[in-house]
Structures are given as structure tokens and as C-alpha cells.
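There are 2 protein chains.
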Amino acid sequence: MSNFGRSTVRISPEAFPEAVLFDVFGTVVDWRSGIARAVEARLTSYRSGIDGYAIADQWRGLYQPSMEAVRSGKRPWTILDVLHRESLDEVLAKNDLRAVTDADRQWLVNAWHRLPPWPDVSVGLMRLKAKYIIGPLSNGNVGLLTRMGKNVGLPWDVILGAEVARAYKPLPEAYRAAARALNLAPERVMLVAAHNSDLAAARREGLLTGYVERPNEYGPGKPGSQPESEPWDVVSPNFDALATALGA
Amino acid sequence: MSNFGRSTVRISPEAFPEAVLFDVFGTVVDWRSGIARAVEARLTSYRSGIDGYAIADQWRGLYQPSMEAVRSGKRPWTILDVLHRESLDEVLAKNDLRAVTDADRQWLVNAWHRLPPWPDVSVGLMRLKAKYIIGPLSNGNVGLLTRMGKNVGLPWDVILGAEVARAYKPLPEAYRAAARALNLAPERVMLVAAHNSDLAAARREGLLTGYVERPNEYGPGKPGSQPESEPWDVVSPNFDALATALGA
Numbered sequence: 001m002s003n004f005g006r007s008t009v010r011i012s013p014e015a016f017p018e019a020v021l022f023d024v025f026g027t028v029v030d031w032r033s034g035i036a037r038a039v040e041a042r043l044t045s046y047r048s049g050i051d052g053y054a055i056a057d058q059w060r061g062l063y064q065p066s067m068e069a070v071r072s073g074k075r076p077w078t079i080l081d082v083l084h085r086e087s088l089d090e091v092l093a094k095n096d097l098r099a100v101t102d103a104d105r106q107w108l109v110n111a112w113h114r115l116p117p118w119p120d121v122s123v124g125l126m127r128l129k130a131k132y133i134i135g136p137l138s139n140g141n142v143g144l145l146t147r148m149g150k151n152v153g154l155p156w157d158v159i160l161g162a163e164v165a166r167a168y169k170p171l172p173e174a175y176r177a178a179a180r181a182l183n184l185a186p187e188r189v190m191l192v193a194a195h196n197s198d199l200a201a202a203r204r205e206g207l208l209t210g211y212v213e214r215p216n217e218y219g220p221g222k223p224g225s226q227p228e229s230e231p232w233d234v235v236s237p238n239f240d241a242l243a244t245a246l247g248a
Numbered sequence: 249m250s251n252f253g254r255s256t257v258r259i260s261p262e263a264f265p266e267a268v269l270f271d272v273f274g275t276v277v278d279w280r281s282g283i284a285r286a287v288e289a290r291l292t293s294y295r296s297g298i299d300g301y302a303i304a305d306q307w308r309g310l311y312q313p314s315m316e317a318v319r320s321g322k323r324p325w326t327i328l329d330v331l332h333r334e335s336l337d338e339v340l341a342k343n344d345l346r347a348v349t350d351a352d353r354q355w356l357v358n359a360w361h362r363l364p365p366w367p368d369v370s371v372g373l374m375r376l377k378a379k380y381i382i383g384p385l386s387n388g389n390v391g392l393l394t395r396m397g398k399n400v401g402l403p404w405d406v407i408l409g410a411e412v413a414r415a416y417k418p419l420p421e422a423y424r425a426a427a428r429a430l431n432l433a434p435e436r437v438m439l440v441a442a443h444n445s446d447l448a449a450a451r452r453e454g455l456l457t458g459y460v461e462r463p464n465e466y467g468p469g470k471p472g473s474q475p476e477s478e479p480w481d482v483v484s485p486n487f488d489a490l491a492t493a494l495g496a
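Top line first, the protein sequences correspond to chains C and W.
Going by my numbering, the first residue of the first sequence is number 1, and it counts up by one from there.
Going by my numbering, the first residue of the second sequence is number 249, and it counts up by one from there.
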């Protein structure tokens, strides 16, 4: 274990991976600010006093339950764009916003395709890309992640969306399928995430783990990233420091 | 129908696609020169008089038969890296090269991950990327295509390798799955290829078609691209002209 700049590194350079894959929502992009701004921009004409952050939180609150219905087999494979639309319909109904048009609902679903990256992401990813295969390992669908990459400038080498495995994280197959798609043994792949549960599931499948703090994921003053629950292989305050820690 | 620069364009700008996907071997990269050079570099130490081009042609000659065993269901899903290795073993045995080590064989299989693009490709793809989602729609596996993209600088937005469909072109599912992965109707996707048979299969599934001539795919003086067998939506002499034709 060494401190490398502001990172903690618990693996030796010989054990560094060939591919570095990233959780996206919360880790790469600030979904809460992006959705709050989109909601306020689009829904203020329907009624005054729209709290974009409150609606963003309610919408995101339905994220895990909507995927759980797929994970458990209660419903067939369904991509995140579709789950996002169903969850939005539910949130709008609860917030006295039933009048929102279909076109505006679709526009809001597509706001998940253009979420702002955290400020350290662009530089960090460009540095990591010079040494590693980089890509999302996300529950987002391939179309969502491809458009997000173009819209906000994420220089991915490959898009490993949920359809690669047709399984939502943290199911084991989601991690295994990503390594397999790159013809890599799990230990040649690192997952980077701001969430302990995601990293714990990745580690159980043999992947390396990189933890990046995102204290503001749920807003200033709210609990953000939790302290690391296990000694992850690399712990960094941001992507720039992560690139330094991984020799990129 | 209009002549746009040196291209023929048979669709109006309103019908232009959202994604432009590319056949890779022969259309984007010059597999024959790349493999010939790799073979000569690696095998000359085994015996003198190695003809890299002859071995490249024999190796590529086993490409369609090897995939046909998968297409027909005679063998389970097998990625191209594995098929390439089996075909190479066969070619080496026939060419008095049984002594080639496993490491050298693997190095040669990986030569398919670093094939040289045709000279017009880099500029053309960068221009197209500014307006369209671009990616390979290839029988190569995702790992092969991802590494090739990094090794030779192909600025793909998304990698749609054969595992997306688990079906080899020209089976219909290969084209359908690519459009589905991007949440696009088939007519919102264009396949660009130097091969009439690939385009014909794509058109049957509803994709737009772009034909680019590659007269030297099989070497100077050999029959290369065949004349267009159907009136494809766009016909261009190279990727730069294709970008102009598509308004990019």
C-alpha cells in the first residue's frame, strides 16, 4: 500500500489492468444537477414552483426498484430508457404534472443522454485513455451511453452497456460479461465507481476496484459517497488523481 | 439522384441517418497488406522465401468457411479471434510452418487488431463523427475491434461487434441487432461497405446503404470491389467524399 499523490494504491504496477471501466451515473456524471436543470427548463411552463432537485431525487429514487423487477425476473429484459420513461410518468402523476406532453416527457428521458460530467472527468479520461482501454460499465443502455459520450465529450473506446450482459448490476453476469466482451480475465479489468456496493459486487467476480469520492452526488450537505467499506485496490479523490495513481 | 462532388447520392438530406456504421475488413482497413507484413516480419526466421501476401490470402480464404460453420449452427457461437487462430494453424500446416511457436501464432492472430486503415479513413471518420454516431458493424469481436480502434486511431463512438447479435453477417440478425442496440429504426442507420453482398443483406433489413470502392482490397491488378450490383443510397470513391456527400 502506498500513497501516490492524493491516492491510496494497494496493487503493484504489474497488477495494473488492461481496461478501466466506469460506473457512470454519479461516478462520471452529475445526474442530479443535470436532471434538475432539465426538469426546471421544461416543466416550469406547466406550473410555477417546480423544484427540479426534488423531482430529480424522486425520479432517481425509482431507479433501483425499476431495475429490481428486471433483475428478479418479474419482467423481461427492459432497457433503462424505457424504465426511465415509466418512472417519470409515475413521478409526474404524483407531482400534479399529468398534463406534460408526450414530447416533453421524451425530451426529459433524453436528458439522461446529456448529463454533465464532474469537472475532473474529461482530463482524467483522456489521460487514462492513452494507457488503458476505457469504457462505461453501466446499467445504461448502449444507445443512451453512446449518445451521452458524444453529447458531453466522454472519449470512450468501447460502450459496455447493460445489453452486453442483459443483466443489471450488481448481478454477477453484468461484470463477467464486460470482461468477456474484451477477451480479458476479470483481474485484467478495473471497475471505477463512487459506490461501495458496486465495487463489492465487481470484486466478488474478480475485477480490480477503484473508488472515487463523489461527496456531492446527492447535493451539498447530503450524505454523498460513503467511506470505503473495504480496502479497494485504488482510492482517489477524482479521475485526475486516479490517472496519476495508475501511471497514465 | 445527384452527383455531389465525386459521389452519387440517391436519398434526400431528410432521409440521412443518425448512425453510420462500417464494415471493417476491406472497407476501413487494408487487411491484406497488414497481414502480409506481419507474416513476413514474424515467419521469415522459420524459413526463407515466405510470401506474406500468399499466406494472407490463404488465411483470409478460410474466413467465410470458418464463419459458415457458426452461421449454420454446426458449431456454437465462436468469436473471430478464435476462428482466426484455427485458420492460421491450418494455413501454417499447409505451408511447412508447423514449427511456429504458440507465442508467434498468437502474435499473428493479434495482427488483425492493428491493421492499417486506407489513407482516406482517418479524415473521413473524423468528419462523419462530428455529425453522426459512427461505429463498426463487423464480424470482428468487440475486443478485436476495440483494440484495433485504439491501435490505429479509429475514432468510433460505439463498438458493435459480432457478439452484439451473436450472429455473423450476412445473417439478418447482425444488422437488426446493431440498429436495436442504438434504439434506432433500421432506416435511421446506414451501413457503409465495399462489398455488394453485405449491402444487399443490410438493405433487406431496412438499413440505408453506402458503397465505397476499394479497388486494391485483393492487391493491385486483382479484382477488387465489384461494380455496384444495385443502386445503393450513396456511392463514393472514399470516406472523405462520403463525408461530403452526407453533409458532414
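From the three backbone atoms N, C-alpha and C, an ideal C-beta is built for every residue, glycine too.
Straight-line gap, residue i to residue j (C-alpha atoms, nearest Å)
i, j, result
"GLY397 of chain W", "VAL100 of chain C", "43 Å"
"ASP157 of chain C", "MET374 of chain W", "15 Å"
"ASN399 of chain W", "ARG285 of chain W", "16 Å"
"PRO155 of chain C", "SER296 of chain W", "44 Å"
"ASP329 of chain W", "LEU392 of chain W", "7 Å"
"GLY401 of chain W", "LEU43 of chain C", "42 Å"
"VAL272 of chain W", "GLY388 of chain W", "8 Å"
"ASN95 of chain C", "ILE55 of chain C", "8 Å"
"LEU430 of chain W", "ALA341 of chain W", "42 Å"
"ILE298 of chain W", "ARG346 of chain W", "14 Å"
"PRO17 of chain C", "VAL234 of chain C", "12 Å"
"GLU228 of chain C", "ARG451 of chain W", "52 Å"
"GLY210 of chain C", "LYS131 of chain C", "16 Å"
"GLY52 of chain C", "ARG85 of chain C", "17 Å"
"ARG6 of chain C", "GLN64 of chain C", "32 Å"
"ALA263 of chain W", "ARG166 of chain C", "32 Å"
"TYR423 of chain W", "GLU316 of chain W", "17 Å"
"ARG214 of chain C", "THR146 of chain C", "23 Å"
"TRP360 of chain W", "ALA493 of chain W", "30 Å"
"TRP31 of chain C", "VAL339 of chain W", "53 Å"
"ALA201 of chain C", "TRP232 of chain C", "12 Å"
"ASP350 of chain W", "TYR294 of chain W", "13 Å"
"VAL390 of chain W", "GLU173 of chain C", "17 Å"
"GLU478 of chain W", "PRO471 of chain W", "18 Å"
"GLN474 of chain W", "ASN358 of chain W", "29 Å"
"SER484 of chain W", "GLY383 of chain W", "18 Å"
"SER66 of chain C", "SER314 of chain W", "42 Å"
Pair within 8 Å by beta-carbon distance, residue i and residue j
i, j, result
"LEU21 of chain C", "LEU191 of chain C", "yes"
"ALA425 of chain W", "VAL437 of chain W", "no"
"GLY495 of chain W", "PRO261 of chain W", "yes"
"LEU385 of chain W", "LEU408 of chain W", "yes"
"VAL460 of chain W", "THR256 of chain W", "no"
"TYR168 of chain C", "VAL29 of chain C", "no"
"ALA410 of chain W", "ILE327 of chain W", "yes"
"PRO186 of chain C", "ALA193 of chain C", "no"
"LEU83 of chain C", "VAL39 of chain C", "no"
Inter-residue CB distance, residue i and residue j (contact presumed, cutoff 8 Å)
i, j, result
"LEU336 of chain W", "ARG353 of chain W", "6 Å"
"SER281 of chain W", "PRO364 of chain W", "6 Å"
"LEU419 of chain W", "ILE259 of chain W", "Rounded, the Cβ-Cβ distance is 25 Å, inconsistent with contact."
"ALA289 of chain W", "ILE381 of chain W", "Between ILE381 of chain W and ALA289 of chain W the Cβ distance is about 36 Å, and since that is not below 8 Å, they are no contact."
Tell me, please, whether the stretch 188–200 of chain C touches the stretch 460–470 of chain W by the rule of three or more beta-carbon pairs shorter than 8 Å. The stretch 188–200 of chain C is not in contact with the stretch 460–470 of chain W.
Quick one: any contact between the stretch 68–77 of chain C and the stretch 236–245 of chain C, if contact means 3 or more CB pairs under 8 Å? Taking a cut-off of 8 Å on C-beta distances, the stretch 68–77 of chain C does not touch the stretch 236–245 of chain C, as fewer than three cross pairs fall below it.
Any contact of the stretch 291–308 of chain W with the stretch 364–372 of chain W, i.e. 3+ C-beta pairs under 8 Å? Not touching, per the Cβ criterion.
Enumerate, from N- to C-terminal direction, the unbroken beta strand (DSSP E) stretches of 3 or more residues contained entirely within the stretch 445–487 of chain W. Segments of the beta strand (DSSP E) lying fully in the stretch 445–487 of chain W: 456–460, 482–484.
Let me know the alpha helix (DSSP H) ranges lying completely inside the stretch 118–205 of chain C, each 4 residues or longer, listed in chain order. Note on the stretch 118–205 of chain C: whole alpha helix (DSSP H) runs with a minimum of 4 residues are 121–131, 142–152, 172–181, 196–204, in chain order.
Runs of alpha helix (DSSP H) wholly within the stretch 64–126 of chain C (minimum 4 residues, chain order): Note on the stretch 64–126 of chain C: whole alpha helix (DSSP H) runs with a minimum of 4 residues are 80–94, 102–109, in chain order.
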